[in-house]
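Down below is the structure, laid out as structure tokens.
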Amino acid sequence: MAMAMATQIIRRSEAEMQMASRRLSDLNNRLLQLPLLGSPVGTETPESRSPLPTSHSNFMDGTLSSDVVTFMHLAVEEAKKALARLEVPVGCVIVENGKVIGSGSNRVNETRNATRHAEMEAVDMILAPWTPSECPEAGSIKEQLTKKFGECELYVTCEPCIMCAAALAILGIKKVYYGCGNDRFGGCGSILPLDTDGCGGCGNSSSGEDDGDSAKRRGFECVGGILADEGIALLRGFYEQGNPNAPRPHRPVRAQDSSLAD
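Heads up: the sequence shown runs through residues 1 to 262, numbered per the UniProt record's numbering.
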């Protein structure tokens, strides 16, 4: 009986894996058909997963302006708002020509949506005013948005995750400043170097050729380590107090039928 149950479980798992593989394949095919995406490139992980990738400029070099610190302080204030809502404390601001045009903080728990990171909240604040009626010509929304983000700098208290870094590469963000590194999910060198290689399998080319198509641009400039201690302190405080919204661990299932142990 136990052998029959094990065989049935294995078959079900194989079927689920095949279904998941088909769904992932379909998703990738749809992604490659989007107008902002180009051809995929390889995604190699760096040899070291340091809190601050050594290939990046570091705030401690003393080469950054006081404005950079000022804008990062604003991002820290956004992170504090997230902490007050019992969210993972990450905050972000987007700046164009010295003016903040977008801001946001983590809202994953509030929205029950794992994509609502601080960067996505700030980006959506900028995207909200764009409507087809404002850009009647085909492709003009894409062109205006890539031009817009190509003039913007993003400040975030923690290194953007792989998802957010890929989105920023697609949008063509000019430059990213971040605080502490993200050695678990970092998309700016800690795990994947999407800042230099573009967004890999989700579309951006690493050919380096500029044919006028913003979809083929390589990544974005990146500087890390700005007010890193403040970002780390907020994150440490959050996790030390415990995450009340974290999923509860499931109790281990114990076999009630002794025959299952055969």
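We put the beta carbon where it would ideally sit given N, CA and C, even for glycine.
Considering only residues of the same chain and omitting the five flanking positions on each side of residue i, which have a CB-CB separation below 8 angstroms?
i	result
Asp-26	Residue placement at Asp-26 is flagged as unreliable, the pLDDT there being 46, under the threshold of 50; the coordinate-derived value follows with that caveat. Nothing listed; no residue qualifies.
Ile-226	Phe-59, Leu-64, Val-68, Val-69, Met-72, Tyr-155, Tyr-177, Tyr-178 and Gly-179
Trp-130	Ile-141, Gln-144 and Leu-145
Leu-127	Leu-145
Arg-248	none
Looking at the secondary structure, which residues open and close the alpha helix (DSSP H) in which residue i lies?
i	result
Gly-237	228-241
Can you tell me which residues form a DSSP beta bridge with residue i?
i	result
Gly-219	None, per the DSSP bridge assignment.
Gly-225	Its beta-bridge partners do not exist; DSSP assigns none.
Sorted by chain position, which residues of the same chain lie with C-beta nearer than 7 angstroms to residue i's C-beta, five sequence neighbours on each side aside?
i	result
Phe-220	Leu-168, Ala-169, Ile-173, Lys-174, Lys-175, Val-176 and Asp-195
Ala-165	Gly-187, Cys-188, Leu-194 and Asp-195
Glu-78	Gly-91, Cys-92, Val-93, Ser-103, Gly-104, Ser-105 and Ala-118
Arg-107	Glu-87, Arg-116 and Glu-121
Which residues in the same chain as residue i place their Cβ atom closer than 6 angstroms to its Cβ, once the five residues preceding and following it in sequence are excluded?
i	result
Asn-109	Glu-87 and Asn-245
Leu-171	Phe-149
Arg-23	Residue placement at Arg-23 cannot be trusted, given a pLDDT of 46 that sits under 50; what the coordinates show is reported in the next sentence. Excluding positions up to five away in sequence, the list is empty.
Ala-122	Cys-92, Ile-94, Gly-102, Ser-103 and Gly-104
Asn-243	none
Leu-74	Val-93
Report, in whole angstroms, the separation of the C-beta atoms of residue i and residue j, which I expect to be a contact under 8 angstroms.
i	j	result
Cys-161	Gly-231	With 8 angstroms as the limit, Cys-161 and Gly-231 do not qualify as a contact, their Cβ atoms being about 14 angstroms apart.
Gly-224	Cys-188	7 angstroms
Met-125	Gly-104	6 angstroms
Leu-234	Lys-80	7 angstroms
Pro-89	Phe-185	Contact doesn't hold; Cβ gap of about 16 angstroms is too wide.
Met-163	Thr-115	7 angstroms
Inset, instruction - List in chain order: all unbroken beta strand (DSSP E) runs of 3+ residues lying wholly within the UniProt domain "CMP/dCMP-type deaminase" (66-199). - result: 91-96, 99-105, 152-158 and 175-180
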